[in-house]
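Peer 1: Here it is, the structure, as structure tokens.
Protein chains in written order, with this note's numbering: chain A, 36 to 578; chain V, 36 to 578.
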């Protein structure tokens, strides 16, 4: 029996339209106090936008859907410009059609047809990109969005080698559900998990909340099938190899520029015996940072570890809404040395019972030694319940006239604190017109070498969509410049897409950029696949 | 103060000429019983070989050493054909000169000079390749061997981010010695550790005995500097990134075809509080294999785990030489259910004391449940003492007229047993003339997905070098065919070089081979760097 997702997807925002998570009164009061009261901008109606979708430029094809609503629903991702486009109804561009092939063979045929006809092709997974990956580029060529949604099944499970084969369009919940029925799991949990797909994770090199235990997608991706303009690339599974450069590492992060990933083989694990998420507090940032650094460098096999800075801790507790409980918590922690500058640490303990006991005792020892305070499982449970809810926060704030966005990077430990400061300052200081920006940060993916940094910022809508977008552009530019100035990657977990392409050369260098160009030119000499993504513009000069 | 290696290197074999590990009488008797008595072949004298070195074809350069002995000492690696060439004195080809630059700038200058002059360049680390990586190719162009031996220092240590920067020519012992003085270690211990270099490990994607704890070189290599014909490639350090394909993974395994790696940044760790190696026995292969598979899949954080098959177990105990002790061991194990078909398991426990206790208790539980027997620390200590001694075994056998070689791969768990059988059979059945081959195998690098397979085989010298080499060629071809027929990589830890290049397309596919071609052509359009290595012949047709 085929398993199907029951999600009723919003056309102009995040997630399932049955899910509503409005801002709680105390949360709203907190935001208003920080930023001033705000006015929401008016939302467009879908019927009005559908009426504006222009005629398709595609030649007829029996498998291509050119209906306006379908094209509308595949025109944008989840970046802030995408959000503003969807809310205002000003989409700018739509794909000329959407195809949803159900097999690698069908993808092959569509791709060959598109190449022959001079059609631009955008491979489409869950449409959750926050960096403009799936937006139709400005182009004279018609644009076909090639959705992998028809390939959402577990195709094979080798329990001895613990390798599962999935259709590339399988979204997170269906990955886990199909594995769970067999006693296995993948463990890739990005915030976008509800909608994002296994092929999209590979194409954008994504990372999930429990990467400490299960690895980034790089460690999970064992092989698979890619339909490229040059032919079919099959990557066989081998546990490790010294035989030359690793082709998987070229497909990982290829962002649709080298081919359409159709089948993904991943390393899976049996369901764990036990799992809990817990919360502790450190008295201040520097203490907290040193504590989590030492924990990760001591190789304690936690499944998750994150550290919120003081402002995020404060914001998180305010938005939670349980004023009375939170008040008690503040007093309790204050007595134990964790006052206004306290930083929240969230961690996950996963495994068999003896492993969990060992991990917990090690963790407790480190936290105690650093002067931190463990507060039991309640807050950890809260985190677990709402772990995929952050993307809905944009709705809750938008209804009251606020905009929220995030940006992220990863740097070595010796640059973590200065990078956080530089990144926060960049958005705090650049809203213009004396506007306040509420900024907070956490470290969410820790490595012995360094950490990812995830910064969230909230600001008020201007009095028009145009001005709101213009304000965001200034902030995004400042944030991105701050990231590269701090020696960070332009993205630790969201990829490059179109929005980050301008900054990529800072980490790849000119010679490295030329390598990427070469690879794209090799697989797709006509630049039909997702042009403008990953590498800015069309062909860069090859040295 | 600069630390220098005190190794007095053999010109015609492995390692330090002060080290002798002759075969013990019981070991010799065992080999003679298996293969029959043998006659050693006569060794050449160095002076005679030096006299045969032809005039250098290189233009004069103040930094290039063209003395015959220097060229002789850089002409061959450690493959079996290399051994036979060194022992017979029939080297075939020598580099025309050797340069030993002391900085990236000096490498750059030499490389530019060589490109300008049409000189073929072979980057040279420790000269320990067993796949023909550093052998001068047949060519009309003069050949310059570019040794990194002058760059053997720890250049920087960031203890907060745990990143060390080394000159690429730093050999294993000097890597560890320079780190140990600061309280750190790298933990990359291939069998070639005495001589192989950190740059060579990156170029050939190598793996060390304790990769379970410290990772393969892929997990250690954080960035660095590569002097390529197209310019200097700097790879900055970042703990992780989703920003497009990973350039490190293109340099890893590049085998000198894309540039000269001059500086290597690696992830290091503090010295562990405690470490021990221990031995256990499983009653038979299938039980042992299932046991070690379950241990690795249960994520027990051992630092090493290997399983010898019954023949390797037998051979290992015979060669150890302690007849009386071994007799007692056999009887003890026999009583406890581990008889003739018993398989030895060696494992490493490394970390702080509480971690070690936890790991050991988990390990014990698994072994007991599988009907295995732990035998305390003595055999583990023996393994530790001789962990880098295997390459010397070739000397011990050679003196009595026997030849030893190895081959290796990695396959998913569901193919491990059949691959071992196919690989062993390939060499057992193909020596010709009714000759016996003594073959044994172990699994040495375990992954949740599968395992590496390392097979050793011993056979008698023929009555001439030519015939001995011819016999080896037949065996090597049969072994390599068996590997690819089993779905294995042509090398898990030794790279491709020239000897494995013919088999590489089995795992990369035609399209993948074309990608490698593209990359080589991009960095080195004139094919001046190590031609014939990794990719057979000169330019492959680019599709």
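Built from N, CA and C at the ideal position, the CB exists for glycine as well.
#1: Along the chain, where does the beta strand (DSSP E) that runs through residue 494 of chain V open and close?
#2: Under 8 Å between C-beta atoms, does residue 522 of chain V make it to chain A?
#3: So for residue 345 of chain V, helix, strand or coil by DSSP?
#4: Using a beta-carbon distance below 8 Å, is residue 249 of chain V in contact with chain A?
#5: Can residue 300 of chain A and residue 259 of chain A be called in contact, C-beta distance under 8 Å?
#6: Unbroken beta strand (DSSP E) runs of length 3 or more, entirely within the region 458 to 541 of chain A: which are they?
#7: Is it right to say residue 109 of chain A is buried, meaning 16 or more other beta carbons lie within 10 angstroms of its own, or is it exposed?
#8: Is residue 272 of chain V close to chain A, meaning its C-beta is less than 8 Å from at least one C-beta of that chain?
#9: For residue 71 of chain V, does the count of other Cβ atoms within 10 angstroms reach 16, so buried, or fall short, so exposed?
#10: Determine contact between the region 356 to 374 of chain V and the region 289 to 296 of chain V, defined as no fewer than three beta-carbon pairs at a distance below 8 Å.
#11: Rounded to a whole number of angstroms, what is the C-alpha to C-alpha distance between residue 444 of chain A and residue 510 of chain A?
#12: Please determine, among V/145, V/454, V/557, the residue with the shortest C-alpha to C-alpha distance to residue 154 of chain V.
#13: For residue 262 of chain V, is the classification buried or exposed, using 16 other Cβ atoms within 10 angstroms of its Cβ as the cut-off for buried?
#14: Could you tell me whether the Cβ of residue 204 of chain V comes closer than 8 Å to any Cβ of chain A?
#15: Please confirm if residue 497 of chain A has its CB atom under 8 Å from at least one CB of chain V.
#16: Taking 8 Å as the threshold (beta carbon to beta carbon), is residue 195 of chain A in contact with chain V?
#17: Mind checking the region 483 to 512 of chain A against chain V and listing, in chain order, the residues whose C-beta falls within less than 9 Å of any C-beta there?
#18: Where residue 83 of chain A and residue 122 of chain A are concerned, what is the direct C-alpha to C-alpha distance, given to the nearest angstrom?
#19: Please state the DSSP three-state secondary structure of residue 577 of chain A.
#20: Once DSSP output is grouped into helix, strand and coil, what is the label at residue 265 of chain A?
#21: For the region 312 to 392 of chain A, which segments carrying the beta strand (DSSP E) assignment without a break, of at least 3 residues, lie completely within its bounds, in sequence order?
#22: What does a CB cutoff of less than 6 Å around residue 161 of chain V pick up in its chain, not counting 5 residues either side in sequence?
#23: For residue 197 of chain V, which option in V/177, V/178, V/222, V/187 has the closest C-alpha, if you only look at C-alpha atoms?
#24: Any Cβ of chain V within less than 8 Å of the Cβ of residue 449 of chain A?
#25: Given that a residue counts as buried once 16 or more other Cβ atoms are within 10 Å of its Cβ, and exposed if not, what is residue 506 of chain V?
#26: Quick one: Cα of residue 256 of chain V to Cα of residue 238 of chain A, how far?
#27: Taking residue 219 of chain V as the query, report the chain A residues whose CB atoms sit under 8 Å from its CB, ordered along the chain.
#28: The beta strand (DSSP E) with residue 443 of chain V in it runs from where to where?
#29: Mapping the DSSP letters down to three states, classify residue 297 of chain A as helix, strand or coil.
#30: Run through chain A and tell me which residues come within less than 7 Å of residue 547 of chain V, C-beta to C-beta.
#31: Is the beta carbon of residue 212 of chain A less than 8 Å from the beta carbon of residue 202 of chain A?
#32: Is DSSP giving residue 571 of chain A helix, strand or coil here?
#33: Grab me the residues of residue 517 of chain A's own chain with a C-beta within less than 7 Å of its C-beta, minus the 5 sequence neighbours each way, in chain order.
#34: For the beta strand (DSSP E) containing residue 134 of chain A, list its first residue and its last residue.
#35: Three-state secondary structure (DSSP) at residue 187 of chain V?
#36: Got a sec: which bits of the region 365 to 395 of chain A sit with their beta carbon under 8 Å from any beta carbon on chain V, in order along the chain?
Peer 2: So, to answer that:
#1: As a working note, residue 494 of chain V is residue 459 in the second chain. 485 to 495 is the span of the beta strand (DSSP E), which, as asked, contains residue 494 of chain V.
#2: Here residue 522 of chain V corresponds to residue number 487 of the second chain, with the count starting at 1. For residue 522 of chain V, the answer is yes, since a Cβ of chain A falls inside 8 Å of its Cβ.
#3: Locating residue 345 of chain V in the second chain gives position 310, counting from the first residue. Annotated three-state conformation of residue 345 of chain V is helix, per DSSP.
#4: Position 214 of the second chain, counted from the first residue, corresponds to residue 249 of chain V. No, because no Cβ of chain A sits closer than 8 Å to the Cβ of residue 249 of chain V.
#5: Position 265 of the first chain, counted from the start, is the residue given in the question as residue 300 of chain A. Position 224 of the first chain, counted from the start, is the residue given in the question as residue 259 of chain A. For residue 300 of chain A and residue 259 of chain A, yes; Cβs fall inside 8 Å.
#6: With a minimum length of 3 residues, the continuous beta strand (DSSP E) runs that stay inside the region 458 to 541 of chain A are 473 to 478, 485 to 495.
#7: In the first chain, counting from the first residue as 1, residue 109 of chain A sits at position 74. With 16 or more Cβ atoms within 10 Å of its Cβ, residue 109 of chain A is classed as buried.
#8: Position 237 of the second chain holds residue 272 of chain V. Yes, because at least one Cβ of chain A sits closer than 8 Å to the Cβ of residue 272 of chain V.
#9: Residue 71 of chain V sits at position 36 when you count from the first residue of the second chain. The residue is exposed, with fewer than 16 neighbouring Cβ atoms inside 10 Å.
#10: Taking 8 Å as the limit for Cβ pairs, the verdict is that the region 289 to 296 of chain V does not touch the region 356 to 374 of chain V.
#11: Counting from 1 along the first chain, the entry for residue 444 of chain A is found at position 409. Counting from 1 along the first chain, the entry for residue 510 of chain A is found at position 475. About 16 Å.
#12: Taking the second chain and counting its residues from 1, the one referred to as residue 154 of chain V is at position 119. Nearest to residue 154 of chain V by C-alpha distance, out of V/145, V/454, V/557, is V/145.
#13: Taking the second chain and counting its residues from 1, the one referred to as residue 262 of chain V is at position 227. Answer is buried; the Cβ neighbour count reaches 16.
#14: Position 169 of the second chain holds residue 204 of chain V. No, residue 204 of chain V lies away from the interface with chain A (no Cβ there is under 8 Å from its Cβ).
#15: Here residue 497 of chain A refers to the residue found at position 462 when the first chain is read from its first residue. No - not a single Cβ of chain V is within 8 Å of the one on residue 497 of chain A.
#16: To locate residue 195 of chain A, count along the first chain from 1; it is residue 160. So, interface residue.
#17: For chain V, the residues of the region 483 to 512 of chain A that bring a beta carbon within less than 9 Å of one of its beta carbons are 483, 484, 485, 486, 487, in chain order.
#18: Against the first chain, residue 83 of chain A aligns to sequence position 48. Against the first chain, residue 122 of chain A aligns to sequence position 87. Counting only the Cα atoms, residue 122 of chain A lies some 12 Å from residue 83 of chain A.
#19: In the first chain, residue 577 of chain A corresponds to position 542, counting from 1. Only weak support is given to the placement of residue 577 of chain A: the predicted model assigns it a pLDDT of 34, under 50, and the value that follows is read from those uncertain coordinates. It is coil, neither helix nor strand.
#20: To locate residue 265 of chain A, count along the first chain from 1; it is residue 230. Looking at residue 265 of chain A - three-state DSSP - the assignment turns out to be coil, as it is neither helix nor strand.
#21: List check, beta strand (DSSP E) in window: 339 to 343, 378 to 386.
#22: Start at 1 with the first residue of the second chain, and residue 161 of chain V comes out as number 126. In chain order, 206, 230, 231, 232, 235 place their CB closer than 6 Å to the CB of residue 161 of chain V, counting only its own chain and leaving out the 5 sequence neighbours on each side.
#23: Within the second chain, residue 197 of chain V is the residue found at index 162, counting from 1. Measuring from the Cα of residue 197 of chain V, the nearest candidate turns out to be V/222.
#24: Taking the first chain and counting its residues from 1, the one referred to as residue 449 of chain A is at position 414. At a cut-off of 8 Å between beta-carbon atoms, residue 449 of chain A makes contact with chain V.
#25: The residue given as residue 506 of chain V occupies position 471 in the second chain. Buried is the call here.
#26: Within the second chain, numbered from 1, the residue matching residue 256 of chain V stands at position 221. Within the first chain, numbered from 1, the residue matching residue 238 of chain A stands at position 203. Looking at the backbone, the Cα of residue 256 of chain V and that of residue 238 of chain A are separated by about 23 Å.
#27: Numbered from its first residue, the second chain carries residue 219 of chain V at position 184. Under a criterion of Cβ atoms nearer than 8 Å, no residue of chain A is adjacent to residue 219 of chain V; the nearest Cβ is some 11 Å distant.
#28: Start at 1 with the first residue of the second chain, and residue 443 of chain V comes out as number 408. First-last of the beta strand (DSSP E) with residue 443 of chain V: 437 to 447.
#29: Residue numbering aside, residue 297 of chain A sits at position 262 when the first chain is read from its first letter. Residue state for residue 297 of chain A is assigned as strand, using DSSP reduced to three classes.
#30: Residue numbering aside, residue 547 of chain V sits at position 512 when the second chain is read from its first letter. Result: 268, 282.
#31: Position 177 of the first chain, counting from 1, holds the residue named residue 212 of chain A. Position 167 of the first chain, counting from 1, holds the residue named residue 202 of chain A. No, Cβ-Cβ distance for residue 212 of chain A and residue 202 of chain A is not below 8 Å.
#32: The residue given as residue 571 of chain A occupies position 536 in the first chain. Residue 571 of chain A: coil per DSSP, three-state reduction.
#33: One-based indexing of the first chain puts residue 517 of chain A at position 482. Here the set comprises 457, 458, 461.
#34: Here residue 134 of chain A corresponds to residue number 99 of the first chain, with the count starting at 1. First-last of the beta strand (DSSP E) with residue 134 of chain A: 132 to 134.
#35: Mapped onto the second chain, residue 187 of chain V falls at position 152. Coil.
#36: Answer in chain order: 386, 387, 389, 390, 393.
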